[in-house]
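To convert, note that position 125 of the sequence shown is 124 in numbering that gives the first Met the number 0; the numbers rise steadily by one, no gaps.
We put the CB at the ideal spot given by N, CA and C, even for glycine.
Given the structure is predicted, the values throughout are model-derived calculations rather than measurements.
Worksheet for the structure shown next.
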Amino acid sequence: MLWLVFVLIRRMVSSSNLLFIMKLFTAITLISILIFSTLSAHEGRWTAARPDGHGPISVMGDHMHAIGEWMVSYRYMTMDMEGLLKGSNSVTASSQLTGMTTMVPTKMTMDMHMFGTMYAISDKWTLMAMLNYLENDMDMIMPMNMSMNMGSSGICDLKVAGLYDLAQWDSGRRMHLNLGLSLPTGSIDEKHTNGNTLGYPMQLGSGTYDFHLTVTYLAQTDYYSYGT
0 MLWLVFVLIR
10 RMVSSSNLLF
20 IMKLFTAITL
30 ISILIFSTLS
40 AHEGRWTAAR
50 PDGHGPISVM
60 GDHMHAIGEW
70 MVSYRYMTMD
80 MEGLLKGSNS
90 VTASSQLTGM
100 TTMVPTKMTM
110 DMHMFGTMYA
120 ISDKWTLMAM
130 LNYLENDMDM
140 IMPMNMSMNM
150 GSSGICDLKV
160 AGLYDLAQWD
170 SGRRMHLNLG
180 LSLPTGSIDE
190 KHTNGNTLGY
200 PMQLGSGTYD
210 FHLTVTYLAQ
220 TDYYSYGT
């Protein structure tokens, strides 16, 4: 499946350029949809009964189900971060131990286990829920070349959503709405063994209720499919 994927690597782009890049990506996405739509010669409606009927493993809420259908999923994601940037320049951890800074991170590993389920209560509505289990591990450096390790693990915020079918066309295209809510089930007071509260990157939840609204557009041809 050909998908339009956009990844922002914040440490490689200054904050002043992020807004411009997001606008540029949006424009490219809209233009691509218009171009591909004219090439979407496909008899019949969009169908999930194809190898490309599901999006990439990291894309959530990309498809809907027919009434009565269930889907249970498990996804695994790992991320390894190492090194420091000051602006766009690499710096050593020891050089940042100045002034009020008493600890500097040198490496962080995150492993996430994602459990999800989907159920279609009708041909128009598909319900979805996802709960993640997160494991964080971070190495720190302190003055006098002393080092420290900290970690946290546990359940993250619960995400629930309803997917509503907006439109389907006989040319292999469809569009649906995703109404989601994130519930603050993850801990926000994880502590180190010394009793100090860990920093934001090491916490498991957001501590807030968050509403998510997205629109997904899908299209299939006889040879490929795409979406955004």
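Contact belief for residue i with residue j at Cβ below 8 Å, rounded distance in angstroms
i, j, result
"M139", "M78", "Incorrect: roughly 18 Å between the Cβ atoms, too far for contact."
"M174", "T125", "Not quite, the Cβ-Cβ distance comes to about 14 Å (not below 8 Å), so this is no contact."
"D156", "G185", "5 Å"
"M127", "A160", "5 Å"
"N131", "M113", "5 Å"
"G153", "P183", "G153 to P183, Cβ: 13 Å. No contact."
"Y28", "T227", "Rather than Tyr, the amino acid found at residue 28 in this sequence is Thr. That pair is a contact at about 5 Å."
Residue i versus residue j - alpha carbon distance
i, j, result
"N195", "M201", "12 Å"
"G179", "T213", "8 Å"
"G60", "L162", "7 Å"
"M21", "M143", "42 Å"
"G198", "G204", "12 Å"
"K106", "M137", "6 Å"
"R44", "N177", "20 Å"
"K123", "Y73", "25 Å"
"L217", "D51", "11 Å"
"S57", "G82", "25 Å"
"W168", "H62", "15 Å"
"M141", "A26", "45 Å"
"H284", "K158", "In the structure displayed, the chain extends from 0 to 227; residue 284 sits before or after that span and is not available."
"Q95", "N88", "13 Å"
"A65", "D188", "41 Å"
"S39", "A48", "Note that S39 scores a pLDDT of 48, beneath 50, so its modelled location is shaky; the value from the coordinates is reported in the next line. Approximately 18 Å, taken between the alpha carbons."
"M0", "M70", "With a pLDDT of 40 at M0, under the threshold of 50, the predicted position of this residue should be treated as unreliable, though the coordinate-derived value follows. Each residue's alpha carbon lies about 20 Å from the other."
"G54", "G98", "48 Å"
"Y222", "R172", "14 Å"
"T46", "N193", "55 Å"
"L133", "S151", "8 Å"
"S170", "S224", "12 Å"
"D164", "G67", "15 Å"
"V90", "L84", "6 Å"
"N135", "F19", "32 Å"
"A92", "P104", "7 Å"
"S181", "M129", "10 Å"
"S100", "A166", "The sequence shown places Thr at residue 100, rather than the Ser named in the question. Those two C-alpha atoms are separated by around 54 Å."
Endpoints, beta strand (DSSP E) assigned at residue i
i, result
"M76", "69 to 81"
"G161", "157 to 168"
"E134", "124 to 141"
"N88", "88 to 90"
"V58", "Run containing V58: none; DSSP gives neither H nor E here."
"S151", "145 to 154"
"R173", "172 to 182"
"G115", "103 to 119"
Residue i at chain D interface by Cβ criterion, 8 Å
i, result
"I154", "The structure shown contains no chain D; it is built from a single protein chain."
Just checking, does the segment 140 to 150 make contact with the segment 116 to 126 on the three C-beta pairs under 8 Å criterion? no
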